[in-house]
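Note sheet for the following structure.
Residue numbers (this note's numbering): 1 to 294.
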């Protein structure tokens, strides 16, 4: 059993990671702002709650005390990240540096898993897929700028670490489609089911023999399609016209990704796209009072 810190532990992905790690016998400390809802984490054996701000060095030092590993999810996400560059850099970049420094001081053998993003590649639509981790990074917005800085802080440390560049996350839940899809109709995209992201993060923190790796995390071959194909499949589940939806005027930062190495090491691609659609349909039916989720 290891003691594992999960920053951003009250977020949707963070709490699923925290619960999954606790269920696997680890002692988990979920760290997040005191204003967050920790309700879903209460009552789980082996899970404690720690409140604090990732920008507060003293709070971070207290959070890492006694831990053997950390999964770093705390971040300001789009669209909020694009409204305040200073706050985004303080949380995403300096916050990561605070965590790295506190971990290195408390336990130089502590393992760190950073949840980064494929946004660090910028617009790759003119290149031949798949996108590889050896490709250069290029910030096209504030969020990407902050994630590139966070990655650099992690890669510069001597701590054993893994950086996961996560693609767009699809959630099989009763959620309305976005006002504007974050891609163009003819753009290549490869999203991933949220449960598979959780699996990747859990596997990465447990794979202690693997260190100093940067991996793409995406859904795999069944998730590779064009933007309009994804929207058409999504709309079909909702009984909407296949072409209904608004798209970006310029390419977003999604593409198809080389995930061969990450999948071989972590075995996280467990939800093919057709299965995701089944789960989405079941969630909609359940929310509307129909059949139970399979």
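The beta-carbon is built from N, C-alpha and C at its ideal position, and this holds for glycine as well. Because the structure is a prediction, the values reported are computed rather than measured.
Where residue i falls: helix, strand or coil (DSSP)
i, result
"residue 92", "helix"
"residue 142", "helix"
"residue 199", "helix"
"residue 247", "strand"
"residue 58", "helix"
"residue 23", "helix"
"residue 270", "coil"
"residue 186", "coil"
"residue 50", "strand"
"residue 127", "coil"
"residue 234", "helix"
"residue 276", "helix"
"residue 107", "coil"
"residue 64", "helix"
"residue 176", "coil"
"residue 35", "coil"
"residue 154", "helix"
"residue 356", "Only positions 1 to 294 of the chain appear in the structure, and residue 356 is not among them; the question remains open."
"residue 83", "coil"
"residue 136", "coil"
"residue 78", "coil"
"residue 102", "helix"
"residue 264", "helix"
"residue 10", "coil"
"residue 221", "helix"
"residue 293", "At residue 293, the pLDDT of 49 sits below 50, so the modelled position is not reliable; the number obtained from the coordinates is stated separately. In this structure, residue 293 counts as coil in the three-state DSSP scheme."
For residue i: DSSP bridge partner residues
i, result
"residue 215", "164"
"residue 44", "The partner list for residue 44 (beta bridge, DSSP) is empty, contrary to what the question assumes."
"residue 181", "247"
"residue 253", "Residue 253 is not bridged to any residue."
"residue 170", "193"
"residue 28", "4, 47"
Endpoints, the beta strand (DSSP E) within which residue i is located
i, result
"residue 7", "3 to 7"
"residue 70", "69 to 72"
"residue 226", "224 to 226"
Local Cβ density within 10 Å of residue i, reported as buried at 16 or more and exposed below that
i, result
"residue 134", "exposed"
"residue 103", "buried"
"residue 178", "exposed"
"residue 32", "buried"
"residue 172", "buried"
"residue 180", "exposed"
"residue 184", "buried"
"residue 108", "exposed"
"residue 250", "exposed"
"residue 246", "exposed"
"residue 211", "exposed"
"residue 58", "exposed"
"residue 56", "exposed"
"residue 35", "exposed"
"residue 39", "exposed"
"residue 170", "buried"
"residue 42", "exposed"
"residue 289", "exposed"
Cβ distance (whole Å) where residue i is taken to contact residue j below 8 Å
i, j, result
"residue 360", "residue 17", "Outside the shown range of the chain (1 to 294) lies residue 360, about which nothing can therefore be said."
"residue 228", "residue 281", "Going by Cβ atoms, the distance from residue 228 to residue 281 rounds to 20 Å, so no, they are not a contact pair."
"residue 5", "residue 67", "5 Å"
"residue 266", "residue 203", "4 Å"
"residue 163", "residue 116", "5 Å"
"residue 168", "residue 196", "That belief does not hold up - the Cβ atoms of residue 168 and residue 196 are roughly 12 Å apart, past 8 Å."
"residue 60", "residue 98", "5 Å"
Residue i - containing alpha helix (DSSP H), residue span
i, result
"residue 111", "Here residue 111 belongs to no alpha helix (DSSP H); instead the beta strand (DSSP E) covers 111 to 117."
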